[in-house]
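Sequential numbering of the sequence shown, starting at 5, is according to our numbering. Inspection log for the structure reproduced underneath, given as structure tokens.
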Amino acid sequence: MPDDESEDVETGKLLAASDLSRESRVRESLKRRLVESARGRSRFRPAPPLLWAAGLAGVLVVLYAAMPVSATLRTFFSRWFVGPRTEVGSFVPERIATAEARPRTWVVQTTIGNFSGDVPVGAAADLRFHDGLDGARSAMPGLYAPRWVPAGYAFESAVLTPLGGAIFVYLHGGTELVVYQTPSRVRHVVAAEARRVRVAGTPAAWVDGGYGLVWEKDGMSFNVGGRTLVLEDALRLAESLRKEAL
Numbered sequence: 005m006p007d008d009e010s011e012d013v014e015t016g017k018l019l020a021a022s023d024l025s026r027e028s029r030v031r032e033s034l035k036r037r038l039v040e041s042a043r044g045r046s047r048f049r050p051a052p053p054l055l056w057a058a059g060l061a062g063v064l065v066v067l068y069a070a071m072p073v074s075a076t077l078r079t080f081f082s083r084w085f086v087g088p089r090t091e092v093g094s095f096v097p098e099r100i101a102t103a104e105a106r107p108r109t110w111v112v113q114t115t116i117g118n119f120s121g122d123v124p125v126g127a128a129a130d131l132r133f134h135d136g137l138d139g140a141r142s143a144m145p146g147l148y149a150p151r152w153v154p155a156g157y158a159f160e161s162a163v164l165t166p167l168g169g170a171i172f173v174y175l176h177g178g179t180e181l182v183v184y185q186t187p188s189r190v191r192h193v194v195a196a197e198a199r200r201v202r203v204a205g206t207p208a209a210w211v212d213g214g215y216g217l218v219w220e221k222d223g224m225s226f227n228v229g230g231r232t233l234v235l236e237d238a239l240r241l242a243e244s245l246r247k248e249a250l
């Protein structure tokens, strides 16, 4: 079978196995994104930068799609810690081998890439979708949310992950701004220029091109990403994060 046909078959299997019911506007929006991604996958051409985070407890976050991920990560040429739970490193993507498929994983797709993670044995694999910030915070108390976002952006949806993490999506026209937080230990790896910055005096990392700001706060690992996001706005958003409601 040609590679493109095999890919279509595998995509069909994934969609068939996914819980994409029409019970909420959020799930329908996610379904549309998955279908559009499947239709255009054979024409997709990856380009740097890449930002992803591998949790030591089995969490994996990929903020750029269609790039193979290494299970061993032996090609670091620089690495540092922005906090006791969050590591940032750079690598050469051409030397990275494709990881084997992981069983019992969850996946959330955004325009800046895919968030996915392994589900621990005995843990519920369900993702919880909310189209309101209050509902997400009621379902998972203690979540941080920004008190400021760049002009024109409005809250669109939230996805709560099996390991206590959350993905908030804000929209401005067709442009997504993604805010991710997790209590898991994570290793962020970038296939692009990453430089050291600070968030309110705390060590952080910024991936050039507006793809991601990575930092820690109160034992949580955070990153903010967006195709048009600039560092100044990412820093302002990061410093506005609070547990209190807006």
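C-beta atoms are modelled at their ideal positions from N, C-alpha and C, and glycine is treated no differently.
Can you name, in chain order, every residue of its own chain whose Cβ lies under 6 Å from the Cβ of Y184, other than the five neighbours on each side? I171 and N227
Give the secondary structure of V196 by DSSP, where H, G and I count as helix, E and B as strand, and everything else as coil. A small fix is needed here, since residue 196 is Ala in this sequence, not Val. Looking at A196 - three-state DSSP - the assignment turns out to be coil, as it is neither helix nor strand.
What's the gap between the Cα of H176 and the Cα of T165? 24 Å
Return the residue from the list V123, K247, D237 and R189 that minimises the CA-CA distance to L181. D237
Taking E220 as the reference, which of T114, Y148 and D212 has the closest Cα? Y148
Taking the C-alpha atoms as reference points, what is the distance between V111 and A204? 31 Å
DSSP puts V218 in a beta bridge; with which residues? A209 and N227
When you compare each of G168, G156 and R240 to A143 by their alpha carbons, which one comes out closest? G168
Alpha carbon of G146 to alpha carbon of K247, nearest angstrom: 6 Å
Grouping DSSP H, G and I as helix and E and B as strand, with all else coil, what is G139? helix
For L175, does the three-state DSSP call read helix, strand or coil? strand
Can you list, in chain order, the residues of its chain whose CB lies under 6 Å from that of R141, leaving out five sequence neighbours each side? L147
Taking L164 as part of the alpha helix (DSSP H), name the residues at either end of that continuous run. Counting along the chain, L164 falls outside any alpha helix (DSSP H), though it belongs to the beta strand (DSSP E) covering A158 to L164.
Determine the extent of the alpha helix (DSSP H) in which R240 is found, giving its start and end residues. L235 to E243
Can you have a look at A208 and say buried or exposed, based on whether 16 or more other CB atoms are within 10 angstroms of its CB? buried
Thinking V173 and T109 are a contact (beta carbons under 8 Å), I'd like their distance in whole angstroms, please. With a Cβ gap of about 20 Å, V173 and T109 do not count as contacting.
Please report the distance separating the alpha-carbon of R189 from that of G230. 23 Å
In the DSSP assignment, find the unbroken beta strand (DSSP E) run with R132 in it and report its ends. R132 to H134
Host beta strand (DSSP E) of T109 (start-end): T109 to T114
Any C-beta of chain B under 8 Å from that of E180: Of the protein chains in the structure, only one exists, and it is not chain B.
Thinking V153 and L245 are a contact (beta carbons under 8 Å), I'd like their distance in whole angstroms, please. Their Cβ separation, rounded to whole angstroms, is 11 Å, which puts V153 and L245 out of contact at 8 Å.
Assign G216 to one of two classes, buried (16 or more other C-beta atoms within 10 Å of its C-beta) or exposed (fewer than that). buried
Give me, in chain order, the residues of the same chain whose beta-carbon lies closer than 7 Å to that of A158; leave out the 5 immediate sequence neighbours on both sides. Y174 and L175
From the DSSP output, in three-state form, read off R151 for me. coil
Coarse secondary structure for R202, derived from DSSP in three states: strand
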